[in-house]
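Protein chains in written order, with this note's numbering: chain A, 1 to 425; chain B, 426 to 850.
C-beta: ideal position from N, C-alpha, C; glycine also.
Worksheet: the structure to be examined is printed underneath.
2 protein chains.
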Amino acid sequence: MIGRKKMSGFASLMEIDEAIKTVKRHIGFAPEVELVSLDEAVERFAARGIIAPYDVPSFDRSVVDGYAVKANETTSASPTNPLELEIIGLSKAGSVPGDTALTKTRGTVEIFTGAPLPRNADAVVMAEFCKRTDEKLNVNKPVAPWQNVSRKGEDFRTGEPIVRAGTKLRGWHIGALASANIIQIPVYSRLRVGILSTGTELKEPGEEIRPGEIINSSKPMLKSLVKEQGFTPIDLGCVPDEIGAIKAALTEGLALADLVITTGGTSLGGQDLVPDAVTELGEPGLVVHGLYMRPGKPTGVGIVQGKPVFMLSGFPVAALVAFEVLVEPVIEMILMIRKPPEAKIRGRLTRRVTTPIGVRSYVRVKVARDQAAACIIEPLRLTGSGILSSMTKANGILVVPEGTEGFDEGEQVEVTLIDAVENLT
Amino acid sequence: MIGRKKMSGFASLMEIDEAIKTVKRHIGFAPEVELVSLDEAVERFAARGIIAPYDVPSFDRSVVDGYAVKANETTSASPTNPLELEIIGLSKAGSVPGDTALTKTRGTVEIFTGAPLPRNADAVVMAEFCKRTDEKLNVNKPVAPWQNVSRKGEDFRTGEPIVRAGTKLRGWHIGALASANIIQIPVYSRLRVGILSTGTELKEPGEEIRPGEIINSSKPMLKSLVKEQGFTPIDLGCVPDEIGAIKAALTEGLALADLVITTGGTSLGGQDLVPDAVTELGEPGLVVHGLYMRPGKPTGVGIVQGKPVFMLSGFPVAALVAFEVLVEPVIEMILMIRKPPEAKIRGRLTRRVTTPIGVRSYVRVKVARDQAAACIIEPLRLTGSGILSSMTKANGILVVPEGTEGFDEGEQVEVTLIDAVENLT
């Protein structure tokens, strides 16, 4: 099978892209949809395309304060040869369209920003290019047809899409939906993501730790990552390294959540406790076990009751990388949502990066601008998959693809930014 | 004064960077700080730097399953000449550091991932490079000192910073804080941002509209933008274009909010209703009125009771641009937070962009990859400041600086991405 090779410790490792496709093939649930109000819709994902129910704007209107005219009457207007018009009315914002009209040649209607254009008018001269004396107006400048006019349907025509399905709704989408008076938005219900830790030695944050015990940092990290993506984390607790306890917790978690993430127990003391538990829970069970990635090689995925169970490493950085390169893309496929653009930057490596061939490696880097404003990229020496300081000290991630063994000192590479770039002084 | 020029309609326009500095000089309030739990801290802004209260990890531990050894005993180990060791103990995750020890030469202790390194050991051989027979172990590969060991304090040493003040907390920061058992995080209280609309013709979303009336789309848009930034929007309603009503609403809003954003009424029918209201509310009053930017020229800022009042255009796109280039940077200065990196991309313009000199222009563009995967950038023709479809159809913003009149067709330019880039088929 393409992308499978024999590697010690795992029966068959898989490349990341193949793993994503494999999981997709087995998933058997459709995401739920709910209606939310305009005020609640920002950062949610549109579950359907939404179209304009009527033309927006619904009438021709002025975008400036000035005077409504027939453009062709103004062609020769200039400061030395002004066009004299008679002011025959006023159109204010909120006036009913059609209530005012240019009923005679060389007539004009004073008009405010947002007000309906009078009948027979096809342009607006800005007030600053006019001189008014009582009911007479001198126009000093010609206007083109439809100049300073926002036309009916210019923003959205009836039936035109305002947002497409899968769009992550930003502030301007909310504004556009409001302008069409759409106040109930169909969005995907927040995915419920269960998070289960395994590890006899783990203590929860806030508990007192005795020597040799460690704080479970992966669970609060994953809960936060899930929240950042706009989904709902469900804390399934922490179970000891016993297959019975793991099976019971997974069964409970799958009843509560749309998908489950576990940490630890993927290759423990020679035993694959979580993968074994998933296999015992039913068909198809384990579909991915071991990935050609670093960190995160022991990552696995199972499918139980049509729902994915992502088995991540107990090491926080490995779990973080697997979340970003495996869990997120699978969720994007389930919801058919588009990933927002990532900030990337190119720069020069300060030293050589060596990685194993055949493995996709994620190297934490520090990106800075030197005195000449050139972008320089320093690989961090802390590369252990347990080392969260390599993430908090990094502001970028360098991906080394499967087909290469790394990059040379001085080579230009592109990295994904996770925090602001600073200037070296 | 630098950056001020005479332009029709406004007494004195200002460049954006000068406006930000001007506002900063007048602001007279300090942001509030609160303690939140780990689970609530993601996407909040750290109000202080947070340091490690003890070494993380707090003991030397194994990062693999294997056997703890003295590295210098393994130097000649190979498959043909294995090193034979006696297995004298077991270190499990959760064991107390120091409970096991290499008490003799040629001894080894079996060790699991996360378990404390036995005394006298300085490395771990992975299980897959060993062959075990009862209490005897054959080691087939040498290890270097501290190989496969995560050292005490390797992640964070006592007193070392885990997060810096002003950091927007991401999932990995939460994990790092958890690993140091820090469960109460000092963050800035969510800024309360009041939003007040002015305009007699405006209807709220969901209300029935009569011909000539329009839906207030700027207020729901701004509320959503404020939420996206992690702040709390306070809806101050919509008041008619009357200076008394505006003053009353501003006074109420300033009592409820840390800062206020108004839309509309900045240059209405020749009257500057909101700027006049702000001026009447007290010193220093109006400090910015009119910006060299497009869209958004009529933007103003006042300071009342030390709090900023941002007076944005009633046109949604102008309000959006002013929010991003003026309101956000001022807030970042107040909280001393670092702006997260923006996604940017370079590409070739499909047609000429012409903008007025002396004005910073924000042009909405469509970025795509052509058949050859080259990035092409098409300026959208809809450029009216009322046209929200120019934002929903755009996936990028091209900034044309004050000193240039635009860009030529075919020129390489850099744009900020606001949505994913698509491939042309």
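Cα-Cα separation between residue i and residue j, rounded to whole angstroms
| i | j | result |
| --- | --- | --- |
| B:Ala569 | B:Thr538 | 18 Å |
| B:Asn506 | A:Ile234 | 52 Å |
| A:Gly358 | B:Pro611 | 44 Å |
| A:Ala127 | B:Phe735 | 25 Å |
| B:Glu560 | A:Gly264 | 28 Å |
| A:Thr103 | A:Ala47 | 49 Å |
| B:Ser462 | B:Ala603 | 10 Å |
| B:Glu803 | B:Leu774 | 6 Å |
| B:Leu627 | B:Leu711 | 25 Å |
| A:Val327 | B:Glu753 | 32 Å |
| A:Val226 | A:Gly237 | 16 Å |
| B:Ala702 | B:Gly619 | 16 Å |
| A:Pro205 | A:Thr355 | 34 Å |
| A:Arg364 | A:Lys92 | 59 Å |
| A:Asn148 | B:Ala744 | 18 Å |
| B:Pro543 | A:Glu213 | 15 Å |
| B:Tyr717 | B:Lys732 | 23 Å |
| B:Arg771 | B:Val846 | 12 Å |
| B:Thr817 | A:Arg351 | 42 Å |
| A:Leu417 | A:Arg369 | 13 Å |
| A:Leu169 | A:Gly230 | 11 Å |
| B:Gly727 | B:Ser643 | 20 Å |
| A:Ser150 | A:Ala68 | 13 Å |
Closer than 7 Å at the beta carbon, the chain B residues around residue i
| i | result |
| --- | --- |
| A:Leu388 | Asp580, Trp597, Gly600, Ala601 and Ser604 |
| A:Ala93 | Gly624, Thr625 and Glu626 |
| A:Ile162 | Thr817 |
| A:Glu43 | Glu653 |
Chain-ordered chain A contacts of residue i [CB-CB under 9 Å]
| i | result |
| --- | --- |
| B:Arg763 | Asp419, Ala420 and Glu422 |
Simplified DSSP state of residue i, which is helix, strand or coil
| i | result |
| --- | --- |
| A:Gly306 | coil |
| A:Gly94 | coil |
| B:Asn497 | helix |
| A:Ser218 | helix |
| B:Val467 | coil |
| B:Ser462 | strand |
| B:Met432 | With a pLDDT of only 36 at B:Met432, under 50, the local geometry of the prediction cannot be trusted, and the value read off the model is given with reservation. Note: B:Met432 maps to strand in three-state DSSP. |
| A:Ala368 | strand |
| A:Ile16 | helix |
| A:Ile387 | coil |
| B:Glu705 | helix |
| A:Leu380 | coil |
| B:Pro541 | strand |
| B:Leu390 | Any question about residue 390 of chain B goes unanswered here, given that chain B covers just 426 to 850. |
| A:Val325 | helix |
| B:Met426 | Any reading at B:Met426 is ruled out, since the residue's pLDDT is 28, under 50, leaving its predicted position unreliable. |
| B:Met761 | coil |
| B:Ser604 | helix |
| A:Ile185 | strand |
| B:Ser487 | strand |
| B:Ala680 | helix |
| B:Glu560 | coil |
| A:Arg25 | helix |
Rounded Cβ spacing between residue i and residue j (contact assumed at less than 8 Å)
| i | j | result |
| --- | --- | --- |
| A:Lys223 | B:Asp666 | Not confirmed; about 48 Å, so no contact. |
| B:Cys555 | B:Asn563 | 6 Å |
| A:Ser78 | A:Asn140 | 6 Å |
| A:Ile246 | A:Thr200 | Not a contact, Cβ separation roughly 12 Å. |
| B:Leu813 | B:Lys791 | Going by Cβ atoms, the distance from B:Leu813 to B:Lys791 rounds to 15 Å, so no, they are not a contact pair. |
Closer than 7 Å at the beta carbon, the chain A residues around residue i
| i | result |
| --- | --- |
| B:Pro507 | In chain order: nothing, as chain A lies at least about 17 Å away. |
| B:Leu463 | Pro205 and Pro220 |
| B:Leu760 | Neighbours of B:Leu760 on chain A: none; closest Cβ ~14 Å, over 7 Å. |
| B:Ser649 | Val42, Gly171 and Ile174 |
Interface residues of chain A facing residue i [CB-CB closer than 8 Å]
| i | result |
| --- | --- |
| B:Phe484 | Pro211 and Gly212 |
| B:Val564 | The contacting residues do not exist; B:Val564 stays about 16 Å from chain A at best. |
Any chain E beta carbon closer than 8 Å to residue i
| i | result |
| --- | --- |
| A:Leu320 | Of the protein chains in the structure, A and B, none is chain E. |
Within chain B, partners of residue i - CB distance below 8 Å
| i | result |
| --- | --- |
| A:Gly114 | Gly624, Glu626, Ile639 and Gly739 |
Do the segment 320-339 of chain A and the segment 272-285 of chain A touch if we need at least three Cβ pairs shorter than 8 Å? No: fewer than three Cβ pairs fall under 8 Å.
Are the segment 751-760 of chain B and the segment 480-491 of chain B in contact at 8 Å, needing three or more beta carbon pairs? Using a Cβ-Cβ distance cut-off of 8 Å, the segment 751-760 of chain B and the segment 480-491 of chain B are not in contact, since fewer than three pairs of beta carbons, one from each stretch, lie closer than that value.
Would you be able to state if there are at least three C-beta pairs under 8 Å between the segment 402-422 of chain A and the segment 677-687 of chain B? By the criterion of at least three beta-carbon pairs nearer than 8 Å, the segment 677-687 of chain B is not in contact with the segment 402-422 of chain A.
Three or more C-beta pairs below 8 Å linking the segment 81-90 of chain A and the segment 149-166 of chain A: Not touching, per the Cβ criterion.
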